[in-house]
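Numbering (mature numbering (1 follows the signal peptide of the UniProt record, and there is no 0)) for the sequence shown: -19 to -1, 1 to 81. Glycine included, each C-beta is placed from N, C-alpha and C at the ideal position. Worksheet: the structure to be examined is printed underneath.
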Amino acid sequence: MKKIFITTVFALGSLTAFAQEEATAVEETATEAVAQDDFSEVSAEELPEAVTAAVSKNYPTASIDKAYVNESKQYKLEVSLEDGTAGTLYADENGNWIEM
């Protein structure tokens, strides 16, 4: 019985270790992509109407917490929803979503 328990613990532990390595690699890649684009913070009032309209249309319960812009007029938006979830969206100046 002890052998089965120990084997189970090792199996679950090794799966967790692999999942952590993969998540860390993804986070580092995302950080590098954002750092290369040199976003600078702007107020929500400075956002183009097309960007705020796209957020309202696609995420009606979202509020824009912070907004950033880069030299290419791409916007990084930190948003939060009414249910408490938060995330980051990227859009161009015409309100089209960008995958970063």
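Is the CB-CB distance between Leu58 and Ala67 below 8 Å? No, they are not a contact pair.
Quick one: grab the DSSP three-state call for Ser61. strand
By Cβ distance, which residues of its chain are closer than 6 Å to Val23, with the 5 residues on each side in sequence left out? Non-local beta-carbon contacts of Val23 in its own chain, meaning distances under 6 Å to residues more than five positions away in sequence, involve Ala48, Val50 in chain order.
Would you list, in sequence order, the uninterrupted beta strand (DSSP E) runs of no fewer than 3 residues that lie entirely inside the stretch 18 to 58? Taking only runs of at least 3 residues, the beta strand (DSSP E) segments lying wholly in the stretch 18 to 58 are 21 to 23, 44 to 50.
Cβ-Cβ separation, Val32 to Val60 (assumed contact under 8 Å), whole Å: With a Cβ gap of about 11 Å, Val60 and Val32 do not count as contacting.
What residue does the beta strand (DSSP E) around Thr69 start on, and which one ends it? 67 to 73
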